[in-house]
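Beneath this line is the structure, given in C-alpha cells, with notes to follow.
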Amino acid sequence: MSVDYKSLQNGSDIRGVALATEGSPVTLGEEETKRLTAAFGKWLSEKTGKPVSRLTIAVGHDSRITAEKLKTAVCQSLSASGVLVYDCGLSSTPAMFMSTIFEDFKCDGAVMITASHLPYNRNGFKYFSKNGGLNKEDIAKIIKTAEGYGHDMPCRGSRPCSKPGSVVKKDLLSTYSAHMRKMIIKQVAGGADRQRPLAGLKIVVDAGNGAGGFYARDILAPLGADISGSRFLEPDGMFPGHEPNPENKEAMESIRQAVIQNKADLGLIFDTDVDRSSAVDQNGREISRNAIVAMAAALIAKEHPGTTVVTDSITSDQLTEYLEQCLGLKHLRYKRGYRNVINKAMELNEHGIDSQLAIETSGHAAYKENYFLDDGAYLATKIVIKLAQMRNAVLAAAGREPSVSGGASESAGQKAPGIDVLLSSLREPAESMEYRFSIEREDFSAYADKVLEYLRQWVLSEEGRKVCASLAQPNYEGVRINFRLPDRDGSHQDADGDRRLEGWCLLRKSLHDPKMPLNIEVTSGSCRQILDIVRQALAGFDLK
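If you count by our numbering, then the sequence shown holds residues 114 to 657, one letter each, in order.
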C-alpha cells in the first residue's frame with residue numbers, strides 16, 4: 114500500500130498506525146521510518162552545517178509495543194549514513210532534548226519514538242535539534258524529502274555509503290534523573306539530611322504505564338519521599354490501567370483516588386512520554402486544565418513579577434483574573450498547540466517583552482529557565498520543591514526536623530500548608546464542557562472558515578445582541594463569545610435569586626479532523642444554554 118506521507122504530519126510531530134488492526138492498516142512501518150529518519154538526518158546536517166557522517170543523534174522511545182521495531186529501523190537508517198547513534202532505550206521526550214545539553218551526550222539532535230496518549234497501535238516521532246523541537250514547517254520539509262526518496266535514499270541502490278556509523282547504548286534517564294535530583298537538593302534548603310530533602314513527604318505518582326515511572330523510583334524515592342501507593346509505574350504499551358493522559362477524566366480520577374486512599378501530600382500524573390503533567394493536592398482536588406496553568410504561573414510569580422504567561426485559547430476568564438489580579442502577571446491567551454504557545458513566548462522575548470512561561474491546559478508547560486522545553490517532569494519537580502519549601506518553613510518555625518515517616522502534618526506536630534494554598538484565590542467555573550461539531554464534507558477546512566465568519570457576524574447582529582453576546586477581544590483563534598444575559602431589571606439575577614446566564618464559548622476548527630470543537634464555561638446558568646444558542650445560530654449549516 115502506498116502511504117501518503119503528508120497524512121503522517123501532526124503539527125510538529127509525526128504520527129501514524131504502526132500496528133495493523135481491523136480497519137487500520139499500517140501507515141508508519143519500517144520503510145516509512147527509514148525514509149523519514151534519513152530525511153531528518155539530511156535536515157539536521159543542513160541545520161548544523163555538518164556532514165551527516167559527523168552527526169551524533171540520540172534515539173529513545175516510550176513504552177509502546179512497536180517501539181523496538183521502529184527504533185531498530187531508525188538506528189539502521191542513521192548508522193548506515195555514518196551517524197554516531199546513542200540508543201537511549203526507554204526514555205521521556207524532554208530527556209531526549211536534554212541529550213543535546215548534557216555534557217556526557219552533547220548530541221546534535223534526537224529522535225523520540227512516541228505517539229503521546231494515542232491508542233496502543235499508533236506511534237510516531239518527535240525530532241529535536243539543539244534549538245529545541247522542530248516546527249511544523251520543518252516537519253513538512255522532512256516529509257517532502259522522505260517522499261522524494263527512491264533508490265537515491267542514502268545507502269541504498271546506486272548511492273554509495275560513507276563509512277557506517279555505530280550504535281552505542283547509553284543510559285539517558287539516569288543522567289536526566291540525577292539532573293532533577295540535584296535541582297531538588299539545591300532548592301530545598303534546611304533539614305539535617307540534605308541528601309534526603311523529601312523525607313516525611315508522601316507523594317504518589319501515576320505514570321499510566323508510560324515512560325514516567327522513573328520519576329517516582331529514581332527521583333522522589335532516593336530523596337526520601339514515600340512513594341507507596343503510586344500507580345501504573347511499570348511500562349506497558351497496552352496501557353491496561355487507563356489512558357495515559359492528564360486530560361482524561363478516568364486518569365485524573367485514578368491519581369485522585371491514590372491521593373485520598375494513601376493520605377498523600379501530593380499526587381502527580383504524567384502522559385506517556387512525560388512532556389505533560391498535572392497534579393492533585395492533599396485534599397483530592399484536581400490541579401489540571403486551568404488550575405495547572407495557575408499553579409505553573411504561581412511558582413514563578415515572585416521571581417518574575419509582571420511577566421507574560423502565554424496560554425492556549427481555551428483558558429477561562431477566571432484564570433485571567435487570577436494571573437493578573439492575584440499574581441500581578443500578564444496573560445496572553447493565544448492558540449491551541451504547544452508549539453504555538455512556545456513560539457509565541459519566544460517571539461515576545463525577542464521583542465523585549467518578558468515571557469517566562471508558555472503553557473497549554475493540556476499540561477504542556479515550558480519555562481524560559483528550562484530552554485522553553487515542555488517538560489512534565491520539570492513542572493512536577495517545581496511543584497515538589499515548593500511543597501517541600503513550605504513544609505520546611507513550618508518545621509523551622511516549630512524548631513523541628515523532617516521525619517522519615519509520616520506526612521508533613523505528622524512530622525511538624527501541626528498542620529503544614531499543602532500545595533493548595535497557592536490556588537486559594539483561583540475561582541473555578543461553575544460548569545464546563547466541550548462539544549464537537551462534525552463536518553461531513555471533503556472541503557471541511559474551507560467550510561469551517563465559512564461557519565466561523567458567519568458566527569462572528571451573527572454576534573454583531575441584532576440576534577446576537579438579543580442574547581447579550583459579544584466578541585471577546587483580543588482573540589487569536591476561532592470565535593470566542595462572551596455571554597452576560599441580565600434579568601429585566603439588569604440585576605443578573607432571576608426571580609428566585611439564581612444567577613442568570615454568564616459565561617463564554619470558543620468555536621474553532623480542528624487542523625486535522627473534520628471537526629469544530631466548541632468549548633463552553635459558565636459561572637452561572639448552564640453550558641447547555643450556550644450550546645443551544647450556538648446550535649440555533651448555526652442551524653443553516655450542515656453540522657452534526
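Note that beta-carbon positions come from the ideal geometry of N, C-alpha and C, so glycine has one too.
For clarity, every value in this text was computed on a predicted model and none was experimentally measured.
Residue of Cys-439, Ile-382 and Thr-474 minimising C-alpha distance to Thr-424: Thr-474
DSSP three-state assignment for Arg-307, whether helix, strand or coil: Coil at Arg-307, not helix or strand.
DSSP-derived helix/strand/coil call for Pro-630: Three-state DSSP puts Pro-630 in a strand.
Bridge partners - Ser-545, DSSP secondary structure assignment: Glu-634
Best match in Leu-442, Asn-588, Leu-614 and Ala-152 for proximity to Glu-260 [C-alpha to C-alpha]: Ala-152
Neighbour-count burial assignment, Gln-308, 16 or more Cβ in a 10 Å radius: exposed
Three-state secondary structure (DSSP) of Gly-489: helix
Met-351 burial status per 10 Å Cβ neighbour count (16 or more: buried): exposed
Cβ neighbour criterion (16 or more within 10 Å) applied to Lys-230: In the sequence on display, residue 230 carries His and not Lys. That one is buried.
Buried versus exposed call for Ser-271 [16 or more other C-beta atoms within 10 Å across all chains shown]: Any answer about Ser-271 is weak, because its pLDDT of 40 lies below 50 and its placement is not dependable; what the coordinates show is given next. By the 10 Å Cβ count, Ser-271 comes out exposed.
Rounded separation between Ala-404 and Thr-206 - CA only: 23 Å
Sufficient close CB pairs (3 or more, under 8 Å) joining the region 328-340 to the region 162-173: no
Cβ shell of Met-459 (< 7 Å), same chain only, five flanking positions each side left out: Phe-485
Where Ser-204 sits in the DSSP three-state scheme: Here Ser-204 sits in coil by DSSP.
Separation of Leu-624 from Val-116, as counted between CA atoms: 20 Å
Outcome for Ile-662 when other beta-carbon atoms lying within 10 angstroms are tallied against a minimum of 16: Since the first residue shown for the chain is 114 and the last is 657, residue 662 is missing from the structure and cannot be characterised.
Opening and closing residue of the alpha helix (DSSP H) in which Lys-254 lies: 249-261
As assigned by DSSP and simplified to three states, the class of Val-497: In the three-state reduction of the DSSP assignment, Val-497 falls in the helix class, which pools H, G and I.
Endpoints, the beta strand (DSSP E) within which Ser-242 is located: 235-242
Span of the beta strand (DSSP E), counted from its first residue to its last, around Ile-316: 316-319
Nearest-angstrom Cα separation, counted from Ser-279 out to Gln-122: 29 Å
Nonlocal neighbours in the same chain, by C-beta distance under 7 Å from Val-658, ignoring five residues either side: As displayed, the chain neither begins before 114 nor continues past 657, which places residue 658 out of reach and without an answer.
Residues of its chain near Lys-254, where Cβ-Cβ distance is below 7 Å and the 5 sequence neighbours each way are ignored: Trp-156
DSSP three-state assignment for His-464, whether helix, strand or coil: coil
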